[in-house]
Amino acid sequence: MLYLLRMLLMSLHFMLAGVLGVLVGICRPFNPDNSRLCARLYALPAMWILRLNVKADVDSLRNKPGTCVVIANHQSNYDLFVVGNVVPYRTVCIAKKSLKWVPLFGQLFWLAGNVLIDRGNAHKARRAMLTTTQTLQHKDTSIWVFPEGTRNLGNGLLPFKKGAFHMAIAAGVPIVQVCVSNYVTHMRLNRWNSGDVLIRSLPPIPTTGMTVDDIPALMQACYAQMDECIARMDRELRAA
Numbered sequence: 001m002l003y004l005l006r007m008l009l010m011s012l013h014f015m016l017a018g019v020l021g022v023l024v025g026i027c028r029p030f031n032p033d034n035s036r037l038c039a040r041l042y043a044l045p046a047m048w049i050l051r052l053n054v055k056a057d058v059d060s061l062r063n064k065p066g067t068c069v070v071i072a073n074h075q076s077n078y079d080l081f082v083v084g085n086v087v088p089y090r091t092v093c094i095a096k097k098s099l100k101w102v103p104l105f106g107q108l109f110w111l112a113g114n115v116l117i118d119r120g121n122a123h124k125a126r127r128a129m130l131t132t133t134q135t136l137q138h139k140d141t142s143i144w145v146f147p148e149g150t151r152n153l154g155n156g157l158l159p160f161k162k163g164a165f166h167m168a169i170a171a172g173v174p175i176v177q178v179c180v181s182n183y184v185t186h187m188r189l190n191r192w193n194s195g196d197v198l199i200r201s202l203p204p205i206p207t208t209g210m211t212v213d214d215i216p217a218l219m220q221a222c223y224a225q226m227d228e229c230i231a232r233m234d235r236e237l238r239a240a
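Its first residue numbered 1, the sequence shown is counted upward by one per residue in full-length UniProt numbering.
If you want it as structure tokens, here you go:
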């Protein structure tokens, strides 16, 4: 019964936040800080409805060195609510173009200045990636990417795709890693307290002087660091 009540409240919240977010976007279209504001609109009430206890240690994200590429693990659609409270100032996200047609959320996402990529069209995808590189270099705006490319459903990190690392090296900006503990398989929405989630950001990794030849080693290093951090947070939660 509690689960059904939560799903009803979340549906109502999703629609209301979408309406408010679209209004924000209309008032200040494509402002790169719209993403942060809209993320808060979704995340703050959702954490109260879901009763997820989120503890964030993200000083390296909040104090990020100017523009950067933020990479995070991607577990489920609930990530919108879980990580929404830690999206930093002037940070936009990269997502698939089909999101644009999701009622209210898609229009909000577009008006918030986020980057929509047509993954089925290689030419348009490359052009979008070039645009994000220019954004990183000249518009005081960071890019948030889920390098796995799809949801891992809490079953461990999937292999990373190269796009985020290409962007960071091309723009010469650091990479900041954001790690979220495995919550999908432990979340119990039929209980009053649904579970605990830990979020941590790791120290920035500079890319100045790197070339495309450095991408495989950079990807491997980021993958190993994030995998170890997530495993450590999971152990802490089990011990608690």
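Just so you know, even glycine gets a beta-carbon here, dropped at the ideal spot from N, CA and C.
Computed from a prediction, not measured in an experiment: that's the story for all the values here.
Buried or exposed by the 16-neighbour rule on C-beta atoms within 10 Å, applied to residue i
{"i": "I26", "result": "exposed"}
{"i": "Q75", "result": "buried"}
{"i": "Q177", "result": "buried"}
{"i": "F30", "result": "exposed"}
{"i": "P65", "result": "exposed"}
Beta carbon of residue i nearer than 8 Å to that of residue j
{"i": "K96", "j": "I117", "result": "yes"}
{"i": "N193", "j": "N73", "result": "no"}
{"i": "V184", "j": "I199", "result": "no"}
{"i": "I143", "j": "T135", "result": "yes"}
{"i": "V19", "j": "L104", "result": "yes"}
{"i": "G113", "j": "P32", "result": "yes"}
{"i": "F165", "j": "E148", "result": "no"}
{"i": "L202", "j": "Q225", "result": "yes"}
{"i": "V115", "j": "T141", "result": "no"}
{"i": "L111", "j": "F81", "result": "no"}
Span separating the alpha-carbon of residue i from that of residue j
{"i": "R90", "j": "T67", "result": "9 Å"}
{"i": "W48", "j": "M10", "result": "10 Å"}
{"i": "L218", "j": "R235", "result": "26 Å"}
{"i": "G163", "j": "T208", "result": "17 Å"}
{"i": "I230", "j": "S35", "result": "25 Å"}
{"i": "D196", "j": "A56", "result": "11 Å"}
### Query
What runs of the alpha helix (DSSP H), each 4 residues or longer, lie entirely inside the region 35-80?
You should have 59-62.
### Message
With three or more beta-carbon pairs closer than 8 Å as the criterion, would you say the region 74-94 touches the region 48-65?
### Response
Contact between the region 74-94 and the region 48-65 is present, because at least three Cβ pairs lie under 8 Å.
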